[in-house]
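A short worksheet on the structure shown next.
Chains as they are written, first to last, in the working numbering: chain D, 339 to 523; chain X, 37 to 222.
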């Protein structure tokens, strides 16, 4: 019994993972991840963006039943920048459509200006048809944050297994909020 | 007594019919929007107060009608200056937050309307019970075409119906596609 408890105590819980801030001066942002994220380049396309996909960078990590992902879509072209508000609105509209909405709240990040960057954070219980694609979880919960800054859409997503409880929620909450834009340009 | 009831019903029907008939869609081609009002709105120019614009001032136009203890208002803030274009999402979010802070939130949800260039315009609806029993307010915020469109309707307590269908009609009756063509979004 004692051995079991000792082993349990030394098992790294998700909430205690070693968080590191990943700084990108190119993108003008700093973002926390529990360890080094996998970084991939690709494309992002939605109805608001239109027929031509835009370049995007995807950051991802997975730890202890929590799947973390951030998408940075480049919308600096003048014809896209003017759609920034709709792109952000679409981002959290789509997030709400993924499941039963628990909350949709405003959130403000720092960018070095007095007004900051205002965005939204959505928390849902994923629909059954979404769950099958998500790490095989039975009943997954997802938090999504959407911000538009410096001509880019920043979409952070955290999917939490139903088994992770408070530790998983803490990790997801930290992930979707841990972003700042007072970097670089 | 039956004649009296019949007379009252006819009066009510005529009154409702007139009230409904008074609604009309007003086309503002220079602003890129068509919007319904219950009567021809008063139009006033001014400046839109926003911290997102920093120390700059943002010209605005306010359209308003007050009728039967309901205030209908649309503010159009001109953010077409290049330094503001990039802040459109911020402006939208600020509009939403301000609406949420005006009272006890009863409902909030994303919205979308079609626009004239083949993509959707996403915005947000917020409904609150205003502090100090000032009535129920619904605010819709959209940013498109370099402008903030803030649609507000306040149903004052004296109106008697906080969930007035007129408020819903006002907040939902707008379109950004005004060139007479139709567009089927995918």
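All C-beta atoms in this analysis are idealised placements derived from N, C-alpha and C, irrespective of residue type, glycine included.
- Three or more Cβ pairs drawn from the region 381-401 of chain D and the region 416-425 of chain D lie within less than 8 Å of each other, which places the two stretches in contact.
- In the DSSP assignment, residue 163 (chain X) forms a beta bridge with X:143 and X:174.
- Under a 10 Å Cβ-count criterion, residue 167 (chain X) is classified as exposed, with fewer than 16 other Cβ atoms of the shown protein chains found around its own Cβ.
- Residue 158 (chain X) and residue 204 (chain X) have their C-alpha atoms roughly 18 Å apart.
- Sequence-distant Cβ neighbours of residue 434 (chain D) in its own chain, meaning closer than 8 Å and more than five residues away, are 442, 460 and 462.
- Between residue 190 (chain X) and residue 171 (chain X), the C-beta gap is smaller than 8 Å, which places the two residues in contact.
- The residue from X:118, X:63, X:175 and X:100 with its alpha-carbon nearest to that of residue 78 (chain X) is X:100.
- In chain order, 423, 424 and 427 make up the part of chain D whose C-beta sits under 9 Å from the C-beta of residue 159 (chain X).
- For residue 371 (chain D), the enclosing beta strand (DSSP E) covers residues 367-371.
- Cβ atoms of residue 457 (chain D) and residue 483 (chain D) come within 8 Å of each other, at about 6 Å.
- Residue pairing from DSSP places residue 109 (chain X) in a beta bridge opposite X:100 and X:188.
- Selection X:215, X:169 and X:181 evaluated against residue 195 (chain X) yields X:169 as nearest (Cα-Cα).
- Residue range 60-64 is occupied by the beta strand (DSSP E) that includes residue 64 (chain X).
- By the CB criterion at 8 Å, residue 94 (chain X) and residue 115 (chain X) fall inside the cutoff.
- Runs of alpha helix (DSSP H) with 4 or more residues, each lying fully within the region 372-426 of chain D, are found at 416-419, listed in chain order.
- For the pair residue 68 (chain X) and residue 210 (chain X), the Cα-to-Cα distance works out to about 11 Å.
- Under the three-state reduction of DSSP output, residue 496 (chain D) falls in the strand class.
- In terms of Cβ geometry, residue 412 (chain D) and residue 393 (chain D) form a close pair [threshold 8 Å].
- For residue 210 (chain X), none of the residues of chain D pass the 7 Å Cβ criterion, the least Cβ distance being about 15 Å.
- Checking the DSSP bridge columns, you'll see residue 444 (chain D) partnered with D:458.
- Closest by C-alpha distance to residue 450 (chain D), out of D:379, D:517, D:418 and D:376, is D:517.
- Looking at the backbone, the Cα of residue 397 (chain D) and that of residue 199 (chain X) are separated by about 45 Å.
- The Cβ atoms of residue 148 (chain X) and residue 431 (chain D) lie closer than 8 Å to each other.
- Within the same chain, 111, 131 and 177 come within 6 Å of residue 186 (chain X) by CB-CB distance, once the 5 residues on both sides are set aside.
- Residues of the region 386-405 of chain D with a C-beta less than 7 Å from any C-beta of chain X: 386 and 388, listed in chain order.
- Boundaries around residue 487 (chain D) are those of the beta strand (DSSP E), 479-487, since no alpha helix (DSSP H) includes it.
- Between residue 447 (chain D) and the set D:410, D:438, D:487 and D:437, the nearest pair of CA atoms involves D:487.
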